[in-house]
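Below is one structure, written out as structure tokens; comments come after it.
Protein chains: 2
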Amino acid sequence: MPIDFAAKKALFHLPEGLIYLDGNSLGPMVRTAPARVDQAMQAEWGDLLIRGWNKAGWMAQPRALGDRIARLIGAEPGTVVLGDTLSIKVYQALASALEMNPRRKVVLSDTGNFPSDLYMAEGLTRTLGGQYRLKTVAPEEAMSAIDETVAVVMLTEVDYRTGRRHHMADITKCAHEMGALVVWDLAHSAGALPVDLAGVKADFAVGCTYKYLNSGPGGPAFIYVAPRHADVARPALSGWLGHAAPFAFDQSYRPGQGIERMRVGTPPVLQLAALDAALDVWDDVDLREVHAQSLRLQDQFIKGVESRAPMLQLATPRSHQMRGSQVSFRHPEGYAIMQALIAEGVIGDFRAPDILRFGFTPLFIDEDDVARAIGILARIMDYGTWDKPEFKLRAAVT
Amino acid sequence: MPIDFAAKKALFHLPEGLIYLDGNSLGPMVRTAPARVDQAMQAEWGDLLIRGWNKAGWMAQPRALGDRIARLIGAEPGTVVLGDTLSIKVYQALASALEMNPRRKVVLSDTGNFPSDLYMAEGLTRTLGGQYRLKTVAPEEAMSAIDETVAVVMLTEVDYRTGRRHHMADITKCAHEMGALVVWDLAHSAGALPVDLAGVKADFAVGCTYKYLNSGPGGPAFIYVAPRHADVARPALSGWLGHAAPFAFDQSYRPGQGIERMRVGTPPVLQLAALDAALDVWDDVDLREVHAQSLRLQDQFIKGVESRAPMLQLATPRSHQMRGSQVSFRHPEGYAIMQALIAEGVIGDFRAPDILRFGFTPLFIDEDDVARAIGILARIMDYGTWDKPEFKLRAAVT
């Protein structure tokens, strides 16, 4: 059954008058989330106290929600677990992958990867010492740079700045042919476009839930390990909840079965409750349809902006094959332009040095929103209303 | 002004008829927490959306709450930051400490340390490779085992099983004399007893907030770095929020100033909101008074149990100097006895193989609770009502 986008939109809390094109940074709240979190607070924590770990299913939640996310990213059941932040999950995946390919010492990534992924890889290679090193190339050179020195290819499928999308199947195949493993970061993929981790034979994947999946600020990350690796991968962050028998309190670490070993510490129950509510909205959604609708909205936006605000330069590839769920434009005064937009109720975001980002998330953004956003942006550019001191003052978080 | 314990007790949500002696595992909820979290959900996330990072102060929260915890653990302002889980914070602290003492390769800990701390150290030493190794000794041998091979002494101040307390000042001094650094885990100290990190010249400390500090299930951990080390310590988990300029999106990592560098990924805003509410209860509390009252309650409990249920064997030291905030008894049928207690509304917990744990947290436990708990435990032992199949069936989380 096709998605009833208007019905889905009604499930989100969207402040009156706001056009929210920043679901790629922090997704909006589903209307049921406050009650679900309040239940976790009062009926579970408040009344059950420590008994909530068993009676409210808190301990099982990271796996149960992992299975619901698995469906959205083409992963086999039992291969995904929630927890920690995306940076921590990158470290885990990369450490395990490197250990599985011990004769090689190079991590290959690209300059379009999210900086935290690169920083975590830097920290890990430094800790590993020896000849380990991180090599980054331009996004379009990522595939050709895979050679027989590369132990692990670590890429984010969709570039956080430009929205450029890697060809996951081809790169994974190429990496395997060259004897490398692949870690995919799905931060801008999960909930945005169809992902087929099992189909492309991905080795590891990680992602976050507070963008497209609406889990709320600081919602937990997830990690995927291919079933063929799940009982082989050694966890570098060997926390007690990844132990084979956490409540035996053994003195030595023994990794748990399969994806269980990628758990580290106590799961964030309140954040997981918010994710639980959000996934109710996602459970029946076909990501192919979501992405097709997103591309329609993107095309509408690109066409409108290019005709009515031609001083903005498109930074996103025109090919549908190479696009995620966002459209980016460049302008030297991008920061001030974005502030002017936000002041008029169109929320996108800015990424240094000159990128204006707009996310097109069809579960709560429609053609009318896009048309209005184009009109407001065109007016700001026509009248130069961005050129004010208050719009040039940089905030702590941009 | 002395603490008005009855007034404090009224600030907690405590289910009718329950005697909750498990605040050392998961602290109860303060009454204001649901409204505070709901505000973070609806007024902040719901209405501000991405603007919450600046306008609701989300980005500053891990440091702001860190300063409130700093007061409770005798840390200098600006030396504590919230985030991640305790296991992750152990890894961070230990990795930084080891790198600061590069000529030595031994991490010294004890068998009374929480297993996850040992597991994380195992994982880290394995990742570091070379001659790095973890050495564990019996708790009472920890100080004498510090020799010139030890790079870092990593201990939990209060033993999670027995409640035995290390002498933090003496061990820290001894470690420094022997050229070692010290990482203190305050999981069973923060909010339980007076800690003086600055006074004892601790190097690193970590702790959790969901036990004595009432932040709720999966609440974030904290890390302390002594001011003299804060700009020297290299973070192994070098995430973007620990970068000197996270929103510059540089390709290479540069550690932030001081404790900022111990941040990793996006902070868990909802869990931090619950902690924020809880700390309102803690802000005016003198931990010396809390611990003195806890010891009184412990003495009452020990005396009552030893006279009325003498088959239980005290596992906690009798000396006040060597006690935290819990009392443990041993019994071969400890698991079943604890289940029988829980069935009668006295909640403590069990730790394999034979430990019954009882936490004495004076902000919400009083003499009357202790007297009733003793009576119920005595009756269970007198009549052997623990000896039932349903009490012997082990749950997933014990």
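Order-wise, the sequence lines are chains A and B.
The numbering used here puts the first residue of the first sequence at 1, with every later residue one more than the last.
The numbering used here puts the first residue of the second sequence at 1001, with every later residue one more than the last.
Ideal Cβ positions, reconstructed from N, Cα and C, are used throughout, including at glycine.
message: So, at 7 angstroms on beta carbons, what are the nonlocal neighbours of Met338 (chain A) in its own chain, with the 5 sequence-adjacent residues on each side left out?
response: Contacts found: Gly348, Asp349, Phe350, Leu356.
- request: May I ask you to list the residues that DSSP assigns as paired with Gln1313 (chain B)?
  value: B:Arg1330
task: Within its chain, find whatever has a CB closer than 7 angstroms to the CB of Pro1235 (chain B); leave out the 5 residues flanking it on each side and keep chain order.
output: Gln1092, Ser1096, Gly1242, Pro1255, Arg1261, Met1262
- prompt: Quick one: is Thr111 (chain A) near chain B, going by C-beta distance under 9 angstroms?
  reply: Chain B, which has a Cβ nearer than 9 angstroms to the Cβ of Thr111 (chain A), makes this yes.
- prompt: Are the C-beta of Pro1002 (chain B) and some C-beta of chain A separated by less than 9 angstroms?
  reply: no
message: So the candidates are A:Gly83, A:Leu48, A:Tyr119, A:Leu393; which of them puts its Cα closest to the Cα of Gln1251 (chain B)?
response: A:Tyr119
field: Rounded Cβ spacing between Ser1238 (chain B) and Gly265 (chain A) (contact assumed at less than 8 angstroms)
entry: At roughly 19 angstroms, the Cβ-Cβ gap does not stay under 8 angstroms, so Ser1238 (chain B) and Gly265 (chain A) are not in contact.
task: Kindly indicate which three-state DSSP category His243 (chain A) falls into: helix, strand or coil?
output: strand
task: Using beta-carbon positions only, say whether Val1038 (chain B) and Asp276 (chain A) come within less than 9 angstroms of one another.
output: The displayed chain sequence assigns Asp, not Val, to residue 1038 (chain B). For Asp1038 (chain B) and Asp276 (chain A), no; Cβs fall outside 9 angstroms.
- request: Please compile the residues from chain A whose C-beta is within a distance smaller than 9 angstroms of the C-beta of Ser1252 (chain B).
  value: Pro115, Leu118, Tyr119, Glu122
field: Lys1089 (chain B) in three-state terms, based on DSSP
entry: helix
field: DSSP state of Phe1438 (chain B) mapped onto helix, strand, coil
entry: The first residue shown for chain B is 1001 and the last is 1398, placing residue 1438 (chain B) beyond what the model contains.
message: Determine, for Ser87 (chain A), whether the minimum Cβ-Cβ distance to residues of chain B falls below 9 angstroms.
response: yes
- request: Output, in chain order, the set of chain A residues within a Cβ distance shorter than 7 angstroms of Tyr1091 (chain B).
  value: Under a criterion of Cβ atoms nearer than 7 angstroms, the residues of chain A adjacent to Tyr1091 (chain B) are, in order, Leu237.
query: Applying a beta-carbon distance threshold of less than 8 angstroms, which residues of chain A neighbour Arg1351 (chain B)?
result: Those within 8 angstroms of Arg1351 (chain B) in chain A are Phe249.
task: Buried or exposed for Ser1307 (chain B), please, with buried defined as at least 16 other CB atoms from any protein chain shown within 10 angstroms of its CB.
output: exposed
message: Quick check on Lys135 (chain A): does DSSP put it in helix, strand or coil?
response: strand
query: Does the Cβ-Cβ distance between Arg63 (chain A) and Ile223 (chain A) come in under 9 angstroms?
result: The criterion of a C-beta distance shorter than 9 angstroms is not satisfied by Arg63 (chain A) and Ile223 (chain A).
task: Would you mind reading off the limits of the alpha helix (DSSP H) that contains Gly1066 (chain B)?
output: 1061-1072
task: Report the neighbours of Leu1295 (chain B) on chain E: residues whose CB is nearer than 9 angstroms to its CB, in chain order.
output: Among the protein chains in the structure shown, which are A and B, there is no chain E.
- prompt: Does the beta carbon of Val107 (chain A) fall short of 8 angstroms from some heavy atom of the ligand NAD?
  reply: As for the ligand NAD, it is missing from this structure, which has no ligand bound.
query: Since Arg296 (chain A) is in the beta strand (DSSP E), which residue starts that stretch and which ends it?
result: From DSSP, Arg296 (chain A) is part of no beta strand (DSSP E) but of the alpha helix (DSSP H) over 287-308.
- prompt: With which residues is Ala205 (chain A) paired in a DSSP beta bridge?
  reply: In DSSP, Ala205 (chain A) forms a bridge with A:Trp184, A:Tyr224.
- prompt: Applying a beta-carbon distance threshold of less than 7 angstroms, which residues of chain B neighbour Trp184 (chain A)?
  reply: The contacting residues do not exist; Trp184 (chain A) stays about 18 angstroms from chain B at best.
Nearest-angstrom Cα separation, counted from Thr1032 (chain B) out to Ala1070 (chain B): 22 angstroms
message: So with CB distances below 7 angstroms, who are the chain B contacts of Trp45 (chain A)?
response: Met1029, Gly1216, Pro1217
- prompt: Whose Cβ in chain A lies nearer than 8 angstroms to the Cβ of Tyr1212 (chain B)?
  reply: None at all; the shortest Cβ gap to chain A is about 14 angstroms.
message: Looking at Met322 (chain A): is its Cβ nearer than 9 angstroms to the Cβ of Arg164 (chain A)?
response: yes
- request: Can you have a look at Lys1089 (chain B) and say buried or exposed, based on whether 16 or more other CB atoms are within 10 angstroms of its CB?
  value: Burial of Lys1089 (chain B) is indicated by the presence of at least 16 other C-beta atoms within 10 angstroms of its C-beta.
- prompt: Can you name the residues of chain B whose CB is closer than 9 angstroms to the CB of Gly258 (chain A)?
  reply: Here the premise fails: no neighbours, minimum Cβ distance about 17 angstroms.
field: Among A:Thr85, A:Arg126, A:Gly345, A:Ile171, the one whose alpha carbon lies nearest that of Tyr1253 (chain B)
entry: A:Arg126
task: Determine the extent of the alpha helix (DSSP H) in which Gly1359 (chain B) is found, giving its start and end residues.
output: Unbroken run through Gly1359 (chain B) is the beta strand (DSSP E), 1355-1359; no alpha helix (DSSP H).
- request: Keeping to the same chain, check which residues put their C-beta closer than 6 angstroms to that of Asp196 (chain A); ignore five residues upstream and five downstream.
  value: Gly74
task: Using three-state DSSP, classify Ile1337 (chain B) as helix, strand or coil.
output: helix
- prompt: Expressed to the nearest angstrom, what Euclidean distance is found between the alpha-carbon atoms of Thr316 (chain A) and Gly304 (chain A)?
  reply: 15 angstroms
field: For Phe350 (chain A), the first and last residue of its enclosing beta strand (DSSP E)
entry: 349-351
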